[in-house]
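Participant:
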Amino acid sequence: MKNLEQNIDLTFNYSKADFGEDFLWGVSSSAFQTEGNHDKFGKGASIWDEFSSRKKAILNNDSPNIATNFYENYKDDIKLVKALSIPFFRFSISWSRILPNGTGEINQEGINFYHDVLDACKENNIEPFVTLYHWDLPLELEKKGGWTNRSILEWFEEYTSVCINAFKNKVKYWVVLNEPSVFVGAGYFLGIHAPGKKGINNFLPAMHHSLLCQSIGFKTIKKIDPSAQVGTTFSCTYITPKTYNEKDIKAAERIDTLLNKAFLEPSLGLGYPIATLPFLKHISKYTLKGDEELIKVDFDFIGLQNYTREVVEHHSYTPYLNAKLVPANKRNVDSTLMNWEIHPKSIYMMILKFSEYNGVKKIIITENGASFQDEVKLDIINDEKRVNFIESYLQQVLYAKEKTDKVIGYFVWSLTDNFEWTEGYKQRFGLIYVDYSTQQRIIKKSGVWYKKFLEGK
Ligand code: FCB
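Residue numbers (my numbering): 201 to 657.
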């Protein structure tokens, strides 16, 4: 493993101390994107295994089968977290590695694996921050309708109990779901993520059931371990209208409601935002008596994940929303390789918006980062752009912190480069470069930047 320390001169506009002593600093990853070995060690298939084997589903036909082989490299990767002086490591558990069929029979090898990962964290003095569900539903459950089937309430409760009973002595921080709006929207409405389902009749039940599971997951964890700190993560995007024209303003309001409110407000007891998005009233088809109560959660913290801003214009032909996004490359703005606008102020705006809710007690930025074309020269990875991205977003987190003491932590996405869903290996978000042909790791300039920052140098 090589790093750049000798070759770079680092400057900081602010310091770790400005965030206060109790601020939580971390780095994040997820099971499907890193573990590889999806068909080994007793693991059952997940919807992403099936989806990624479909023709043209993944850019360049990249296969997730090896990924960063975290399953076999976890010890070294966790040592890297330590080498970068990062106190918190967020990773997720693969449901079908624990329960190959989603329910029932437990795969002891899977349980042992996560024990090993947690032990490695402990040996390195790293606090684990564990996500129960980061998009990789067991395929067997999808065959029964997946998130659209209300039985998922029981399936998820079973999975949660198995995990908490197994790992409660080693994990204090739990995340129930990663970005329900994204896995429901992309997977059950647009059909562009696993399981590739489309339309409102999939979207609405999946949405409702995911929010109920969020609450059930929380309650199940607290019942088994009342001292656990439990949250869930929300993707959020700062939205602005393309023009000040009334129609664009209204269109932006609808998108803002869908992306930033619809998956949060019901949990806070505010109900679905039907006034702005009337199509959500059809959720009543999937609602049972008592759901309004069941859906409420008093989370210890909310994970907020903001990468960008979107500009919205009115568009009559888009069903339900009458709105469309104006992509970054049509707006002449700086953007990342994902074509996401670089807009640091977004994270500031979203922290302030979320902090206005009484029910949101604490906010942790559980993901933030960027993919760029890294400059690779011999063993040196110069990713100045990523350094600038993280530095400027973090500056805005600090500004937000001066306005609200609800924001208590910041985690970079991601530890290593990894399998970026439908984008495969093209997108590299890591602080650590992965050479996929040799599995060699090289710390990028951004990794060194984060390390020095965390060490207060
Ligand atoms: C988030 C996902 C994460 C990763 C980043 C880039 O939406 O939670 O898995 O793909 O985006």
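Each residue gets a CB set at the ideal place from its N, CA and C atoms; glycine is no exception.
Hey, would you say the C-beta of E250 is under 7 Å away from at least one heavy atom of the ligand FCB?
Facilitator: Walking along the sequence shown from the start, residue 250 turns up at place 50. No, the Cβ of E250 stays beyond 7 Å of every heavy atom of the ligand FCB.
Participant: Within this structure, are the beta carbons of Q672 and M538 separated by less than 8 Å?
Facilitator: This structure leaves residue 672 out entirely; the chain is present only between 201 and 657.
Participant: Is it the case that the CB of W613 approaches a heavy atom of the ligand FCB more closely than 7 Å?
Facilitator: In the sequence shown, residue 613 corresponds to position 413, counting from 1. Yes, the beta carbon of W613 sits closer than 7 Å to at least one heavy atom of the ligand FCB.
Participant: Return yes when the C-beta of N378 is under 7 Å from any heavy atom of the ligand FCB, and no when it is not.
Facilitator: To locate residue 378, count along the sequence shown from 1; it is residue 178. Checking the Cβ of N378 against the ligand FCB gives yes.
Participant: From the DSSP output, in three-state form, read off G346 for me.
Facilitator: Translated into positions along the sequence shown, residue 346 becomes position 146. The answer is helix: DSSP assigns G346 an H, G or I state.
Participant: Could you tell me how far apart the beta carbons of K442 and V526 are, in whole angstroms, since I believe they sit closer than 8 Å?
Facilitator: Residue 442 sits at position 242 when you count from the first residue of the sequence shown. Residue 526 sits at position 326 when you count from the first residue of the sequence shown. So it is a contact: roughly 6 Å between Cβ atoms.
Participant: Using only alpha-carbon positions, find the residue among Y314, I298 and H315 that is nearest to N307.
Facilitator: For the purposes of this step, residue 307 is taken as residue 107 along the sequence shown, with counting starting at 1. Minimum Cα distance to N307 is reached at I298.
Participant: Going by other Cβ atoms of all chains shown within 10 Å of its Cβ, with 16 needed for buried, is Y388 buried or exposed?
Facilitator: Along the sequence shown, read from residue 1 onward, the residue named residue 388 stands at position 188. Flag for Y388 reads buried.
Participant: Assuming Y636 and K644 are in contact, meaning their beta carbons sit under 8 Å apart, how far apart are those beta carbons, in whole angstroms?
Facilitator: Reading the sequence shown from its first residue, position 436 is the one you call residue 636. Reading the sequence shown from its first residue, position 444 is the one you call residue 644. About 15 Å separates the two Cβ atoms, so there is no contact after all.
Participant: Helix, strand or coil, according to DSSP, for T616 in the structure here?
Facilitator: By one-based count along the sequence shown, residue 616 stands at place 416. It is a strand residue.
Participant: Please indicate yes or no: does the CB of E541 lie closer than 7 Å to some heavy atom of the ligand FCB?
Facilitator: Counting from 1 along the sequence shown, the entry for residue 541 is found at position 341. No, the Cβ of E541 stays beyond 7 Å of every heavy atom of the ligand FCB.
Participant: Evaluate the contact criterion for the stretch 472-485 versus the stretch 540-548: three or more CB pairs, one atom per stretch, below 8 Å.
Facilitator: Contact between the stretch 472-485 and the stretch 540-548 is absent, because fewer than three Cβ pairs lie under 8 Å.
Participant: Would you report the Cα separation of N312 and W335, rounded to the nearest angstrom?
Facilitator: As a position in the sequence shown, residue 312 is number 112, starting the count at 1. As a position in the sequence shown, residue 335 is number 135, starting the count at 1. Their backbone Cα atoms lie some 22 Å apart in a straight line.
Participant: If you pair each beta-carbon of the stretch 552-559 with each one of the stretch 516-525, do three or more pairs fall below 8 Å?
Facilitator: Result no; under three Cβ-Cβ pairs closer than 8 Å.
Participant: Is V382 near the ligand FCB - that is, is its Cβ less than 7 Å away from at least one heavy atom of it?
Facilitator: Numbered from 1 along the sequence shown, position 182 holds the residue referred to as residue 382. Yes, the Cβ of V382 comes within 7 Å of a heavy atom of the ligand FCB.
Participant: For the stretch 358-413, which segments carrying the alpha helix (DSSP H) assignment without a break, of at least 4 residues, lie completely within its bounds, in sequence order?
Facilitator: Correct list: 380-388.
Participant: Once DSSP output is grouped into helix, strand and coil, what is the label at D635?
Facilitator: Here residue 635 is taken as the residue at index 435 of the sequence shown, counted from 1. Looking at D635 - three-state DSSP - the assignment turns out to be strand.
Participant: Rounded to the nearest angstrom, how far is the Cβ of E379 from that of F434, given a contact under 8 Å?
Facilitator: As a first step, residue 379 must be located in the sequence shown, where it is residue number 179. As a first step, residue 434 must be located in the sequence shown, where it is residue number 234. Sure, about 7 Å apart at Cβ, within 8 Å.
Participant: Report the rounded CA-to-CA distance for R454 versus K577, giving the unit in angstroms.
Facilitator: As a position in the sequence shown, residue 454 is number 254, starting the count at 1. As a position in the sequence shown, residue 577 is number 377, starting the count at 1. If you take the alpha carbons of R454 and K577, they lie about 46 Å apart.
Participant: Starting from T331, trace the alpha helix (DSSP H) in both directions and tell me its first and last residue.
Facilitator: Taking the sequence shown and counting its residues from 1, one reaches residue 331 at position 131. That residue, T331, is in no alpha helix (DSSP H); its beta strand (DSSP E) goes E327 to Y333.
Participant: At a threshold of 7 Å, does F270 count as lining the ligand FCB (C-beta to nearest heavy atom)?
Facilitator: Within the sequence shown, residue 270 is the residue found at index 70, counting from 1. The answer is no for F270.
Participant: How far does the alpha helix (DSSP H) with I311 in it reach, from first residue to last?
Facilitator: Here residue 311 refers to the residue found at position 111 when the sequence shown is read from its first residue. From DSSP, the alpha helix (DSSP H) with I311 extends over Q308 to E323.
Participant: Look up G503 in the DSSP assignment and say whether it is helix, strand or coil.
Facilitator: On the sequence shown, position 303 is the one that residue 503 refers to. Note: G503 maps to strand in three-state DSSP.
Participant: Contact check, A462 vs V512 under 8 Å by CB: the rounded distance?
Facilitator: Your numbering for residue 462 matches position 262 in the sequence shown. Your numbering for residue 512 matches position 312 in the sequence shown. With a Cβ gap of about 15 Å, A462 and V512 do not count as contacting.
Participant: Taking the C-alpha atoms as reference points, what is the distance between L468 and V560?
Facilitator: On the sequence shown, residue 468 is found 268 positions in, with the first residue counted as 1. On the sequence shown, residue 560 is found 360 positions in, with the first residue counted as 1. Looking at the two C-alpha atoms, the distance is approximately 8 Å.
Participant: So F383 packs on F499, CB below 8 Å; how close in whole Å?
Facilitator: Start at 1 with the first residue of the sequence shown, and residue 383 comes out as number 183. Start at 1 with the first residue of the sequence shown, and residue 499 comes out as number 299. 18 Å between Cβ atoms; not a contact.
Participant: Could you name each continuous beta strand (DSSP E) segment of 3 residues or more that falls completely within the stretch 523-580, going from the start of the chain to the end?
Facilitator: 523-526, 563-567 and 575-577, all fully within the stretch 523-580.
Participant: Distance check for K243 and G399, CA to CA, integer angstroms please.
Facilitator: One-based indexing of the sequence shown puts residue 399 at position 199. One-based indexing of the sequence shown puts residue 243 at position 43. Straight-line Cα distance between these residues: approximately 30 Å.
Participant: Since L224 sits in a beta bridge, which residues does DSSP pair it with?
Facilitator: In the sequence shown, residue 224 corresponds to position 24, counting from 1. Per DSSP, G609.
Participant: Would the beta-carbon of I352 fall within 8 Å of that of H409?
Facilitator: As a first step, residue 352 is located in the sequence shown; it is residue number 152 there, counting from the start. As a first step, residue 409 is located in the sequence shown; it is residue number 209 there, counting from the start. For I352 and H409, yes; Cβs fall inside 8 Å.
Participant: Sorted by chain position, which residues of the same chain lie with C-beta nearer than 6 Å to K275's C-beta, five sequence neighbours on each side aside?
Facilitator: On the sequence shown, residue 275 is found 75 positions in, with the first residue counted as 1. Hits under 6 Å: A320.
Participant: Under 8 Å between the Cβ atoms of R290 and S381?
Facilitator: Indexing the sequence shown from 1 puts residue 290 at position 90. Indexing the sequence shown from 1 puts residue 381 at position 181. Not a contact, by the Cβ cut-off of 8 Å.
Participant: I'd like to check one pair, G569 with V612: are the Cβ atoms closer than 8 Å?
Facilitator: For the purposes of this step, residue 612 is identified with residue 412 of the sequence shown, where counting begins at 1. For the purposes of this step, residue 569 is identified with residue 369 of the sequence shown, where counting begins at 1. Closer than 8 Å, so yes.
Participant: With which residues is V511 paired in a DSSP beta bridge?
Facilitator: Here residue 511 is taken as the residue at index 311 of the sequence shown, counted from 1. DSSP lists T440 and V526 as partners of V511.
Participant: What first and last residue would you give for the beta strand (DSSP E) that runs through I642?
Facilitator: For the purposes of this step, residue 642 is identified with residue 442 of the sequence shown, where counting begins at 1. Per DSSP, I642 belongs to the beta strand (DSSP E) from Q640 to I643.
Participant: What would DSSP say about S415, mapped onto helix, strand or coil?
Facilitator: Working through the sequence shown from its first residue, we reach residue 415 at position 215. Looking at S415 - three-state DSSP - the assignment turns out to be helix.
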